[in-house]
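Beneath this line is the structure, given in C-alpha cells, with notes to follow.
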Amino acid sequence: MPDSITSKLSMLAGATLLVAAMSACSSSGTEGSKSRSWADSVKLETQIEADLSAAPSQRGLELRVLTVDDAGDRVAEALSPFMNDPGAMLIEDRERWGSWGLRWVVVPVDVLDGVLGSLTLTQAAQVRWMGEFPQWRPLIRTGQIRNGTVRVGDGLSSAHFEELSGRPRLLGRVWTTPEMTGSDVRARLHIDLALQMTHEKQDNRWDTPAVQTALDGGVLIDELKMSQVLDSNSALVLVGEDPSIQWLNEIGSDTVSVSQASDGSLGPSAPLARTLGQQMLSTPGTGYVAPGKRYVSPKKVLIVLVPKVGGSYRLLGSSRSPEQGTTP
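Start counting the sequence shown at 68; every next residue gets the next number (our numbering).
Next comes the structure, spelled out in C-alpha cells:
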C-alpha cells in the first residue's frame, strides 16, 4: 500500500467493515501452482477513510435550552404533531425515559425553528455549539430535588417511587461515525445520553489533587441511559411531562387535546409525587387564583439537541494478504 494511503489510515473513523476469507491449497514456485486459484489463502478487507476537508463546525451537536410559557398547554400544542413519529429513536428508549417524566419528541430540522418560534419565551434562549466530544460531558444541570421522592410511571397501578438526592444533570458524549447503507457509506452522529445525580463536594485542603471526570460527579440512573445514531434531518427535544398525560392531535385539525389517565376512583384524588422530569424541567404555576391575587403561569424548559453531520466517508479498495497459518 502506498505511503500516502498508509498515513491517511491513521485518521480512519471506522475499522474493517467487511472481512471474507477464501482458502485453498497453495504451493511455492512450482508449475502446479499455476492451476490453482489466485484466491488461495487470501483475506479481503474493505476499509473506510474519512473526508478530512469537513470543518469541525460541520460535525457535532448544537444544544439549545428554552424556558417557555406553558399556559393553555402551549408546549403540547406545538410538539404533539410529532409524537407519532419516533424517527430513529427506539420505542423502548422513549417509553423508559417517558415513565420518569422525560418525554422525547423527534422534530424535523426543517420545521424546528418554526415550532420553537411558536412558543413564548420567559427568558432568553441559550444556544451553545458543543461539537464532538467522545468523553462524557455535562449538557445541563437542574435544581436540587426537593423532597427526594420521585414517581416512576403513570400514577396508576404500574407506578412506583424512587428516593433520589442531589442535583440531576444530563450527560452526553458525541462523535461522528460511518454507517454502511447498501453499496456506500454515510456519516452519522453517535450520541450517548445518561442522567446523573450529583452532590456538592466539600473541599478538603489535605486531599491529594486528582483529575476528575464527569462520571466522578455522581451515580448514573441505570434506566436513564441510551445510545442513538442520528443524521442531520431531525432534532431531539426533551420536555418534562407527567407520563399519565397524553397529547392528542386530531387528524386534519390544528387543535390538540390533553388528557390525563384516571385510576377510576370517584371524586378528586390526592396529588401524586411529581416525576423526575417534571421536577427538573417544569413548574406548575399557581393555577386558578382568586381576584386580586398574582397569577403565575406554568413553565417548561425544553432541551433541544440538534445533530450536525458534515463531511463524508469513502470506501478504500480491498487489500489482499496471505491467510496466516495455512499449510502448503
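Ideal Cβ positions, reconstructed from N, Cα and C, are used throughout, including at glycine.
Quick caveat: nothing in here was measured; it's all calculated off a predicted structure.
{"Query": "Of all the alpha helix (DSSP H) runs that stay within the bounds of the stretch 132 to 183, which reach a length of 4 or more residues?", "Result": "141 to 146 and 158 to 166"}
{"Query": "What is the DSSP secondary structure of L186, counted as helix, strand or coil?", "Result": "coil"}
{"Query": "For L282, which residues from the same chain have a beta carbon less than 6 angstroms from its beta carbon, with the 5 sequence-adjacent residues on both sides left out?", "Result": "W203"}
{"Query": "Is it right to say S185 is buried, meaning 16 or more other beta carbons lie within 10 angstroms of its own, or is it exposed?", "Result": "exposed"}
{"Query": "Using 8 angstroms for Cβ pairs, my map puts A226 next to R218. What's the rounded Cβ distance?", "Result": "6 angstroms"}
{"Query": "Taking 6 angstroms as the limit between beta carbons, can you name the residues of its chain near T209, skipping five residues before and five after?", "Result": "P235 and M347"}
{"Query": "Taking the straight line between their C-alpha atoms, what separation do you get for L157 and Q211?", "Result": "30 angstroms"}
{"Query": "Count Cβ pairs between the stretch 124 to 135 and the stretch 360 to 375 that sit closer than 8 angstroms; are there 3 or more?", "Result": "yes"}
{"Query": "Starting from the Cα of R161, find the closest Cα among Q295, L369 and P351 and give me that residue.", "Result": "Q295"}
{"Query": "Please tell me whether G165 and P365 are closer than 8 angstroms, where the distance is taken between their beta carbons.", "Result": "no"}
{"Query": "Which residues bound the alpha helix (DSSP H) around Q346?", "Result": "L343 to L348"}
{"Query": "Could you check whether V173 and S299 sit closer than 8 angstroms to each other, using their CB atoms as the reference points?", "Result": "no"}
{"Query": "DSSP three-state call for K375: helix, strand or coil?", "Result": "strand"}
{"Query": "Going by DSSP in three states, G284 sits in which element: helix, strand or coil?", "Result": "helix"}
{"Query": "Whose CA, out of T248, L130 and S147, lies closest to the CA of E199?", "Result": "L130"}
{"Query": "Between the alpha carbons of Y362 and P351, how many angstroms are there, rounded?", "Result": "12 angstroms"}
{"Query": "What's the gap between the Cα of E290 and the Cα of R163?", "Result": "7 angstroms"}
{"Query": "Could you check the C-alpha separation between V142 and K367 for me, to the nearest Å?", "Result": "8 angstroms"}
{"Query": "What did DSSP end up calling Q125 once you bin it into helix, strand or coil?", "Result": "helix"}
{"Query": "Kindly list the residues whose CB is nearer than 7 angstroms to the CB of T134, restricted to its own chain and excluding five residues on each side of it in sequence; keep chain order.", "Result": "L188, T189, Q190, K366 and V368"}
{"Query": "Classify V296 as helix, strand or coil using the three-state DSSP reduction.", "Result": "strand"}
{"Query": "Ordered along the chain, which non-local residues of its own chain (more than five positions away) have a Cβ less than 6 angstroms from that of R253?", "Result": "E246"}
{"Query": "I need the DSSP call for L198, collapsed to helix, strand or coil.", "Result": "With the sequence shown as reference, residue 198 is identified as Gly, and Leu is not the correct amino acid for it. Of the three classes helix, strand and coil, the one that applies to G198 here is strand, per DSSP."}
{"Query": "On the DSSP bridge assignment, give the partners of W314 in chain order.", "Result": "V325"}
{"Query": "Assuming L297 contacts R255 under a Cβ cut-off of 8 angstroms, what Cβ separation, rounded to an integer in Å, is found between them?", "Result": "7 angstroms"}
{"Query": "For T216, does the three-state DSSP call read helix, strand or coil?", "Result": "strand"}
{"Query": "Helix, strand or coil for E308, going by three-state DSSP, please let me know.", "Result": "coil"}
{"Query": "Hey, would you say W171 sits closer than 8 angstroms to T342, going by beta carbons?", "Result": "no"}
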